[in-house]
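Chains B and F supply the protein sequences, listed in that same order. Note that the numbering used here has the first sequence beginning at 1, numbered continuously upward. Note that the numbering used here has the second sequence beginning at 1001, numbered continuously upward. Comments concern the structure below.
There are 2 protein chains.
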Amino acid sequence: MSDPPRLGPVSAGPRPPPGTGAGDVRLVGFADRVSVERAQEWVDRQARRLAAVELGVAEAVGRLPIAPLLAPQPFPLLDRAMEDGYAVRSAETVGASTYDPVLLRVQDGSVPLATGGAALVAAGADLPRGADAILPFDAAQAAGPALEVIAAVAEGAGVERAGQQVQAGAPLAGGARPIRPHQAGLLAAAGIERLRVVERPRVRLVVAGAKAGAGGRGADAHGPMLRALVERDGGVVEPPEAGIGVREAIRRAAAAPGADLLLATGRTGTGPDDEAPPALAEIGRLEIHGVALRPGGTAGMGVVGALPVILLPGDPLACLCAYELLAGRLVRRLGGRDPGLPHARLEAEVGRKIVSAVGFLEVCQVRLASGRVEPLGVAESGGLAAAARADGFVLVPAALEGYPPGARVTVHLY
Amino acid sequence: MSDPPRLGPVSAGPRPPPGTGAGDVRLVGFADRVSVERAQEWVDRQARRLAAVELGVAEAVGRLPIAPLLAPQPFPLLDRAMEDGYAVRSAETVGASTYDPVLLRVQDGSVPLATGGAALVAAGADLPRGADAILPFDAAQAAGPALEVIAAVAEGAGVERAGQQVQAGAPLAGGARPIRPHQAGLLAAAGIERLRVVERPRVRLVVAGAKAGAGGRGADAHGPMLRALVERDGGVVEPPEAGIGVREAIRRAAAAPGADLLLATGRTGTGPDDEAPPALAEIGRLEIHGVALRPGGTAGMGVVGALPVILLPGDPLACLCAYELLAGRLVRRLGGRDPGLPHARLEAEVGRKIVSAVGFLEVCQVRLASGRVEPLGVAESGGLAAAARADGFVLVPAALEGYPPGARVTVHLY
């Protein structure tokens, strides 16, 4: 009973260059860690743009066009009524009043406007040729074919000019942001029915089982969380294969193509059963292990063939943080999105001191109290429960030991 | 050709009380309009809570629990290691240094710690009884069964106490916000595998065809936009039946149950073909028509039997605004969500004057330029294209005629 547990076989794969922290850390600890910036550069190097797929406008909401979408023609195409009323020549209404009404003659709106004519039009209808304004109903009284105009209307009133909303060639959507609901409406209105969007990144997920020594407890907290996070970032998660370990999953990933990214959670640390990094080193290439990130510092990165593999820590909060800053960045990049954190941001003042360790980028869970930022404990102490209670998080750069009260910080909102 | 178009049959249904703006407005205009606040009160009265459905934790992300979810037990259940290392009695490490190491004896971690014992544990593992700290690997050197401790460790170091993250009975998720990805992780970690969430509101959608007089142009901008908006708010849209008009859709809705809300877009204004409000008045009850909202002022509301019906304007931007403030509010309420606008918010300073009409709640599309708010044209002028270019919108209350430069406003971000 007094022998220390033995290690698994030590990596037989090519050894990474020094300074990447990718040596075997089991029972030893991390000799050095890669900065978050360098780990993100690794992520960015893995990101090749995925294939395109053509979709209808309705299906394309939340997806990323492969190129900015430009208006094929002006919108609206012709001058049109912006409101219901009578299309008129504004000059013919000058001087009209209740006491001295101007008489116009009601005609059909599908033919050019006759001199002294007025045509009933609905909002959105093309303006009859010759008309230059819409007379609202409360400025006129119809009496059979005659229209009594009791107020003048200015040129252009109630009229939307051709191209007023969009000139031909103007961008309608695209860039690095997914299509929003109302942009889909605009695309449809502009006559774009189908468009090409970037394919969703396919993410294969391996979740290590409960830790040895945790008494068999600890339901899979990672699967539900990561699936939802990957979907938020535009990816799709392959249904995880049950009952296979990290080593076997990495082996199968090398043999079975079809995924764009392998995420393996758990067994990334310095404990005796932390087999994920040596398994990746053995089967593929472990390029980074240990990141100056808290929580999340045991994350690792590498490749099996052309497939990027990211090893996420088993602690759920560390897993969340490493996902947001590293793995999620790759999911977003692969799908062509903005690689930065996708959370809404708020600038706010620190109300209670935020403490952080120098040398690590710290992810501090915070809540907003009367508009001021308050930390929920330090770094790892509150676990995922702190994140679940938090309004968002603040990133404290590695060079700082925190933020004093009164400092302005950016809160990434959940 | 000179006869004015004739109206359809005038409503034979019960007439609404005066002051609701629900008289027949065709060719006449709105005599009065209901304030947005009163229209929202109508929405709130329609909202009965939907049934519950039981889901697994992973499927429940983005859904709303029917009641707050409480921790069934403390989490973690027992004291456990927060990091990899050796579980020790901290008192036995006092005075340890490189020059004067303390010798401990490595034992198994599944039995209580012997006097002078140290047990290798992985982060997340239960602490052996008797241990009160985790000695990191860099503070010890193993030599066979002996462990040379070269630095002292404080009581509680590296240990997460039972209940430190969550006390039994503490809320884990719920309230009026959908479950977030990391909350799902926490629920799973706390042993909650399935939960009951509010059923999704089922929304039936009717999209009126292109306006008479618009030359047959104008693809359906509403369907894709509304589908995406309803889904954002937690609802599901029934596939719309093609080729049926508003009148027929309202008639069918009365006969065929199964939806929680009918949204009909288009034909809500004062033009001759604006048949939606009179059709609702005839078949069911038109309770409000005309809202002091810009854009979106021709919106209408009523019921067919027990089914709420909201009539959304045909202009796409007006449709968007009336959806966000009225219809979306009902979708969110039905699904048990916070009924307020779901957009992230930002307080910012107005950089360029925002002009608005007194008497209407105006939805002003804005962009942020160097952190300051700039309007994109006034009210309706930019159409949906302005919204597509905007970073968000500002609501200008009916009592104000706008905001001067320097005013602090809330931007609802797209």
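Backbone N, C-alpha and C define an ideal beta-carbon position, used for all residues, glycine too. For clarity, every value in this text was computed on a predicted model and none was experimentally measured.
(request) Might you give, ordered along the chain, the residues of its own chain that have their beta carbon closer than 6 Å to the beta carbon of R1204 (chain F), omitting 5 neighbours on each side? (result) Once the five neighbours on either side are set aside, the close Cβ partners of R1204 (chain F) are E1238, A1259 and L1262.
(request) Thinking P1404 (chain F) and V1331 (chain F) are a contact (beta carbons under 8 Å), I'd like their distance in whole angstroms, please. (result) About 35 Å; that fails the 8 Å criterion.
(message) Spatial neighbours of G235 (chain B) within its chain, please: C-beta separation below 6 Å, excluding the five flanking residues on both sides.
(response) R200, P201, V203 and V331
(request) Sort out for me which residues DSSP pairs M225 (chain B) with in a bridge. (result) Note: M225 (chain B) sits in no beta bridge, so no partner.
(request) Flag F1360 (chain F) as yes if its beta-carbon sits less than 8 Å from any beta-carbon of chain B, otherwise no. (result) So no, F1360 (chain F) is outside the interface.
(request) Under 9 Å between beta-carbons, which chain B residues line up against V1028 (chain F)? List them in chain order, please. (result) F137 and D138
(message) Using the Cβ count rule (16 or more neighbours within 10 Å means buried), how would you classify E1037 (chain F)?
(response) exposed
(request) Can you pull the chain B residues whose beta carbon is under 9 Å from the beta carbon of D1100 (chain F), in chain order? (result) Close to D1100 (chain F), with beta-carbon spacing below 9 Å, lies no residue of chain B; the smallest spacing is near 22 Å.
(message) Counting only C-beta atoms, is M1225 (chain F) closer than 8 Å to chain B at any point?
(response) yes
(message) Counting only beta-carbon separations shorter than 8 Å, does V366 (chain B) have a partner in chain F?
(response) Output row for V366 (chain B): interface = no.
(message) Starting from G1339 (chain F), trace the alpha helix (DSSP H) in both directions and tell me its first and last residue.
(response) Note on identity: in this sequence residue 1339 (chain F) is Pro, with Gly being the wrong assignment. From DSSP, P1339 (chain F) is part of no alpha helix (DSSP H); its letter is neither H nor E.
(request) Tell me, please, whether the CB atom of P181 (chain B) is closer than 8 Å to any CB atom in chain F? (result) yes
(request) With DSSP as the reference, label L1332 (chain F) as helix, strand or coil. (result) Note on residue identity: the sequence assigns Arg, not Leu, to residue 1332 (chain F). Helix, per DSSP.
(message) For Q141 (chain B), count the other beta carbons within 10 Å of its own beta carbon; 16 or more makes it buried, fewer makes it exposed. Which is it?
(response) Burial is judged here by how many other beta carbons sit within 10 angstroms of a residue's own beta carbon; Q141 (chain B) has fewer than 16 and is exposed.
(request) Check V355 (chain B) in the structure and name its three-state DSSP category. (result) strand
(request) Identify whether F1360 (chain F) lies in helix, strand or coil by the three-state DSSP scheme. (result) Three-state DSSP puts F1360 (chain F) in coil, outside helix and strand.
(request) Using only alpha-carbon positions, find the residue among B:G62, B:V394 and B:D84 that is nearest to A407 (chain B). (result) Looking at B:G62, B:V394 and B:D84, the one whose alpha-carbon comes closest to that of A407 (chain B) is B:V394.
(message) With the cut-off set at 8 Å, would you say T1270 (chain F) and A1276 (chain F) are in Cβ contact?
(response) Going by C-beta atoms, T1270 (chain F) is not nearer than 8 Å to A1276 (chain F).
(request) Under 7 Å between beta-carbons, which chain B residues line up against H1222 (chain F)? List them in chain order, please. (result) G185
(message) So, for A1152 (chain F): in the same chain, excluding its five sequence neighbours on each side, which residues have a beta-carbon less than 7 Å away from its beta-carbon?
(response) T1093, V1094, G1095 and A1096
(message) If the criterion is Cβ atoms closer than 8 Å, does the pair Q365 (chain B) and A390 (chain B) meet it?
(response) yes
(request) Report, in whole angstroms, the separation of the C-beta atoms of P339 (chain B) and R329 (chain B), which I expect to be a contact under 8 Å. (result) 5 Å
(request) Taking only beta-carbon positions, decide if T1270 (chain F) is within less than 8 Å of chain B. (result) yes
(message) Counting only C-beta atoms, is P1278 (chain F) closer than 8 Å to chain B at any point?
(response) No, P1278 (chain F) lies away from the interface with chain B (no Cβ there is under 8 Å from its Cβ).
(message) Looking only at its chain, what residues have a beta carbon closer than 8 Å to the beta carbon of L413 (chain B), apart from the 5 residues adjacent to it on each side?
(response) Non-local C-beta neighbours of L413 (chain B) in its own chain, meaning closer than 8 Å and more than five positions away in sequence, comprise H343, A344, R345, L346, D391 and G392, ordered along the chain.
(request) From the DSSP output, read off the bridge partner residues of E349 (chain B). (result) Residue pairing of E349 (chain B) in beta bridges, as defined by DSSP: B:R372 and B:R408.
(request) For my contact list, P419 (chain B) and R105 (chain B) are in at a C-beta cut-off of 8 Å; report their separation, rounded to the angstrom. (result) Since the displayed chain B opens at 1 and closes at 414, residue 419 (chain B) lies outside it and no answer follows.
(message) By DSSP's criteria, D1126 (chain F) is part of a beta bridge. Which residues make up the other side?
(response) F:R1080
(request) State buried or exposed for L135 (chain B), treating a residue as buried only when at least 16 other CB atoms are found within 10 Å of its CB. (result) L135 (chain B) is buried by the Cβ-count criterion.
(message) On the CB-based measure, 16 or more other CB atoms within 10 Å of its CB, does Y1086 (chain F) come out buried or exposed?
(response) buried
(request) In angstroms with no decimal places, state the Cα-to-Cα distance between R1032 (chain F) and L187 (chain B). (result) It should be pointed out that residue 1032 (chain F) corresponds to Asp in this sequence rather than to Arg. The alpha-carbon atoms of D1032 (chain F) and L187 (chain B) are separated by roughly 34 Å.
(request) Decide if T115 (chain B) is buried, meaning its Cβ has at least 16 other Cβ atoms within 10 Å, or exposed. (result) exposed
(request) Report the partner residues of L1293 (chain F) according to the DSSP bridge assignment. (result) Paired residues: F:L1361.
(message) With H, G and I counted as helix, E and B as strand and the rest as coil, what does DSSP make of E1193 (chain F)?
(response) In the structure shown, E1193 (chain F) sits in coil (DSSP, three-state: anything other than H, G, I, E or B).
(message) Only counting the same chain, and skipping five residues up and downstream in sequence, which positions put a Cβ closer than 8 Å to that of A1208 (chain F)?
(response) G1245, V1246, A1264, T1265, G1266, R1267, A1276 and G1314
(request) Name, please, each residue of chain F whose Cβ falls closer than 7 Å to the Cβ of A388 (chain B). (result) L1172, A1173, H1182, Q1183 and L1186
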